[in-house]
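Asks:
Residue numbers (the working numbering): 26 to 980.
(1) Quick one: what does DSSP say residue 477 is sitting in, helix, strand or coil?
(2) Under the assumption that residue 917 contacts residue 950 (Cβ atoms under 8 Å), give the Cβ distance between them as a whole number of angstroms.
(3) Just curious, the beta strand (DSSP E) that residue 183 is in, first and last residue?
(4) Give the DSSP-derived three-state secondary structure of residue 134 in the structure shown.
(5) Using 10 angstroms around the beta-carbon of residue 48, count the other beta-carbons present and answer buried if the total reaches 16, otherwise exposed.
(6) Report, in whole angstroms, the separation of the C-beta atoms of residue 378 and residue 401, which I expect to be a contact under 8 Å.
(7) Rounded to the nearest angstrom, what separates residue 657 and residue 383 at their Cα positions?
(8) Taking all protein chains shown into account, do 16 or more other C-beta atoms lie within 10 angstroms of the C-beta of residue 197, making it buried, or fewer, making it exposed?
(9) Report the three-state DSSP secondary structure of residue 941 (helix, strand or coil).
(10) Using a Cβ-Cβ cut-off of 6 Å (strictly less than) and excluding sequence neighbours within five positions of residue 202, which residues of its own chain qualify?
(11) For the alpha helix (DSSP H) containing residue 459, list its first residue and its last residue.
(12) When DSSP labels each residue in this structure, what does residue 845 get in the three-state scheme?
(13) Is the CB-CB distance between residue 153 and residue 110 below 8 Å?
(14) Quick check on the DSSP output: the alpha helix (DSSP H) that includes residue 930 runs from which residue to which?
(15) Give the DSSP-derived three-state secondary structure of residue 624 in the structure shown.
(16) So who's on the other strand from residue 984, going by DSSP bridges?
(17) Kindly indicate which three-state DSSP category residue 367 falls into: helix, strand or coil?
(18) Measuring only the C-alpha atoms, how far is residue 460 from residue 385?
(19) Count the other CB atoms, across all protein chains shown, that sit within 10 Å of the CB of residue 338; report buried if there are 16 or more and exposed otherwise.
(20) What are the boundary residues of the beta strand (DSSP E) that residue 796 is part of?
(21) Following the continuous beta strand (DSSP E) through residue 194, name the residue where it begins and the one where it ends.
(22) Helix, strand or coil: which one does DSSP assign to residue 374?
(23) At 4 residues or longer, what runs of the alpha helix (DSSP H) sit wholly inside the stretch 38-90?
(24) So is residue 939 buried or exposed if we call it buried at 16+ other beta carbons inside 10 Å?
(25) DSSP on residue 352, reduced to helix/strand/coil?
(26) Can you give the beta carbon distance from residue 41 to residue 159, rounded, assuming they're within the 8 Å contact cut?
(27) When the Cβ atoms of the stretch 135-146 are set against those of the stretch 952-966, are three or more pairs found closer than 8 Å?
(28) Locate the alpha helix (DSSP H) running through residue 319, then write down its first and last residues.
(29) Return helix, strand or coil for residue 98, following the three-state DSSP convention.
(30) For residue 685, which residues from the same chain have a beta carbon less than 6 Å from its beta carbon, with the 5 sequence-adjacent residues on both sides left out?
(31) Indicate the three-state DSSP secondary structure (helix, strand or coil) for residue 802 in the structure shown.
(32) Suppose only complete runs of 3+ residues qualify. What are the beta strand (DSSP E) ranges in the stretch 122-173, listed by chain order?
(33) Which one of 34, 35, 45 and 36 has the shortest CA to CA distance from residue 976?
(34) Using DSSP's beta-bridge definition, name the partner residues of residue 301.
(35) Considering only the beta carbon of each residue, do residue 698 and residue 436 sit closer than 8 Å?
(36) Does DSSP classify residue 231 as helix, strand or coil?
Rendered as structure tokens:
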């Protein structure tokens with residue numbers, strides 16, 4: 026391991042890959058004594074103006090003393106970081122700890138002077154902003170709380186780097202120099218700035234993969250049918266609008282299927298934006314190196330033989346990602362099916378799909394190639410489950426997702442004007458904490474539907490490197506729903522929901538009108554609505570003799586009613602039905618629905634292929650701004666003015682991206698989705714209803730309240746003192762009560778009673794009536810086993826209860842009995858918080874008792890919890906009626922319960938060292954509550970990668 030000249034070990038955990046503003050990548054790492062030549066070479070490529078801005082004087086070259094000073098760091102008081110591409114420096118930053126007089130110092134001095142230098146060719150890429158995030162995190166780790174920087178007034182770019190970072194700062198001007206001082210404690214604004222930069226950079230990195238100006242297929246053989254040759258043919262047949270090249274070392278020809286052919290990427294005289302790599306895994310490193318030298322921006326690696334093949338494959342995959350990132354390239358794959366972009370300006374089919382999907386407004390992401398094929402087929406063809414044609418905007422099949430993941434694609438879709446609905450098939454979630462954050466923001470702008478495969482297998486699929494989680498699948502699923510994700514269980518449900526959300530407005534409530542020409546089908550639909558928690562109106566039977574005009578009038582009337590939020594139309598074929606009648610019925614339904622453009626309409630049909638096709642008489646879910654693609658048909662209705670992507674699915678106002686300039690108008694007629702079964706249509710509608718309600722709730726997210734009686738500093742000092750005793754510490758009863766008390770959480774005293782006499786003395790101290798409880802692990806919180814005696818009014822009853830417990834369950838040493846004053850009667854509940862290594866801090870609530878545990882009736886929220894979330898947490902369990910006066914019982918004090926939840930959330934959020942809290946039981950009475958038992962576990966704060974500087978996942 027490298028060490029500094031002062032003996033400090035090389036901090037390898039400071040190394041990180043980052044995505045820059047233009048979508049390229051760079052590696053950030055500490056500068057060491059071995060970097061002298063790199064530093065000199067880097068400095069020689071910096072302009073005289075940039076050198077002047079750095080040193081406030083002409084400084085043409087570095088002296089040997091300078092090189093020594095800038096490469097010798099102790100990694101504590103003097104730290105230097107470099108951003109590298111291809112192993113060479115493109116920017117540097119350093120800090121030097123100083124005292125109040127500005128002189129070099131050591132701890133406890135908590136201020137440092139910071140300075141940057143960015144190579145001119147890389148200015149404007151966001152390198153300095155990324156370095157500032159990382160050097161600030163390093164400084165905080167080393168006990169530095171404030172940075173100072175002196176900048177010439179003309180150096181506007183560097184001043185902007187500091188002022189735009191979002192930190193609390195102070196600015197002064199003296200002796201012709203601007204002095205900036207800013208605290209390094211992250212603020213809400215600094216986090217917002219960091220996440221906005223992250224979104225722009227990661228979205229741009231995906232855009233470079235999906236909208237390249239030129240593509241090289243490496244491994245395109247002379248024999249038709251190979252993987253590389255197939256991808257080349259698919260690109261050519263799709264009408265890719267950019268330059269296309271075939272690359273294969275064995276090629277002698279100058280062309281392959283009319284495409285310019287080369288033996289190496291190095292031989293191509295034009296820029297190459299994207300390379301599709303389809304060579305055997307052992308040859309991939311050479312290809313990646315050639316692409317990196319040539320300046321290729323990104324790779325789609327369809328080659329197999331990586332992590333899915335075992336330990337050696339995992340090693341090769343790690344090396345592949347490291348190599349690509351070292352050149353600033355991002356990777357989709359390996360073992361990827363490919364990528365598709367149907368935009369008329371791109372027409373990219375860099376995949377193994379033999380047909381280009383029709384253009385549309387649904388984005389697809391699949392980690393599995395096989396599932397990707399199934400999804401494309403479902404959305405492309407008529408029939409096959411959900412009938413009708415629905416188009417695709419972009420498609421990404423990530424394979425092993427060693428680099429580009431679903432998180433990156435979400436960043437791209439968030440403000441992509443061509444995507445209105447996002448469908449994702451995930452087999453693993455590498456960073457659930459980040460995915461939840463991105464999903465919440467995306468769902469506020471456009472629907473996000475997710476199905477997760479391999480959810481019951483207990484392990485991630487081969488090739489997927491993910492951190493472990495202790496949370497059950499149901500909990501993760503619930504947390505995703507709280508983030509606005511529409512969670513479904515099958516790809517059929519995924520497509521069903523996607524069709525509705527892409528074609529229809531969001532329902533404003535759960536009230537559903539049902540009409541059609543089959544009484545039986547109407548009743549099935551009615552039952553399905555009840556099963557999904559909707560509020561159906563009595564079905565209207567038009568009889569089998571109903572004409573298209575009858576349907577139109579009935580639908581128009583239902584849509585005009587104020588007590589209806591959505592309509593399901595059921596239809597069965599009449600004897601001798603013709604395609605003309607199908608078209609007439611479809612037109613009648615479209616005509617009626619156009620009169621109420623804010624209410625969704627769905628059709629349940631039975632063997633009516635003609636009707637389904639007529640209802641979906643368009644080749645895409647929305648028109649293109651340019652001329653339609655071949656085979657496209659006229660689509661649906663036009664609003665009064667162009668709408669932004671976030672509002673194509675009408676709903677409550679969210680934080681969606683602004684409308685792009687030149688946004689295409691909506692269709693002039695509505696596309697009505699048709700389903701072959703009532704259950705499928707209603708399930709999709711129910712998901713839309715729940716999502717619409719989430720959108721309305723998200724518009725007013727609530728707040729995290731402040732409590733004046735919280736002693737945050739005292740809690741921090743207590744935690745530090747306790748952790749000084751060791752890692753993984755479970756607090757004793759008194760210690761836990763003191764810590765919880767600092768956050769206004771009072772735990773009723775429980776005095777140990779190792780003997781009957783001790784029990785009597787404890788009861789006298791606390792006052793009768795009392796409870797006698799065992800605290801042995803196998804009996805703790807198990808009142809159903811008889812280890813608790815309540816309402817003991819005097820010494821005689823207490824001694825008799827003590828004897829009963831010891832006779833039944835064992836010696837006092839085994840039972841560990843305690844005496845506690847009786848709490849007011851109420852409902853027994855449980856409040857827990859835990860730090861999960863994948864999902865982060867999670868707050869849980871449920872009723873106490875074996876029945877709730879067996880039923881899994883526990884609700885969860887991510888920390889920090891807002892007041893609105895605390896209220897919904899209490900009401901979201903199935904047994905919640907017991908808290909609100911069920912069967913004539915007295916309602917309990919839910920306001921006090923919500924306050925307790927908020928205080929626990931604050932404790933865990935303020936102090937990540939608190940890795941587990943369990944309050945059990947919490948007896949909630951009609952007035953107030955009593956916490957009767959508490960357990961707190963401490964550990965060193967886990968790494969919070971979502972709160973630290975921007976980084977790509979470690980490979």
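Note that beta-carbon positions come from the ideal geometry of N, C-alpha and C, so glycine has one too.
Replies: Quick answer:
(1) strand
(2) 6 Å
(3) Residue 183 -> not in any beta strand (DSSP E); alpha helix (DSSP H) instead, spanning 181-188.
(4) coil
(5) buried
(6) 6 Å
(7) The predicted position of residue 657 is uncertain, since its pLDDT is 31 and thus under 50; no value can be drawn from it.
(8) exposed
(9) strand
(10) 175
(11) 457-468
(12) strand
(13) no
(14) 919-935
(15) coil
(16) The question about residue 984 has no answer here: the residues shown for the chain are numbered 26 through 980.
(17) coil
(18) 25 Å
(19) buried
(20) 795-799
(21) 194-199
(22) strand
(23) 61-69 and 73-80
(24) buried
(25) coil
(26) 7 Å
(27) no
(28) 309-319
(29) coil
(30) Here the model assigns residue 685 a pLDDT of 35, short of 50, so the residue's position is not dependable, and the following value carries that caveat. Result list for residue 685: 442, in chain order.
(31) coil
(32) 136-143
(33) 45
(34) 242 and 325
(35) no
(36) helix
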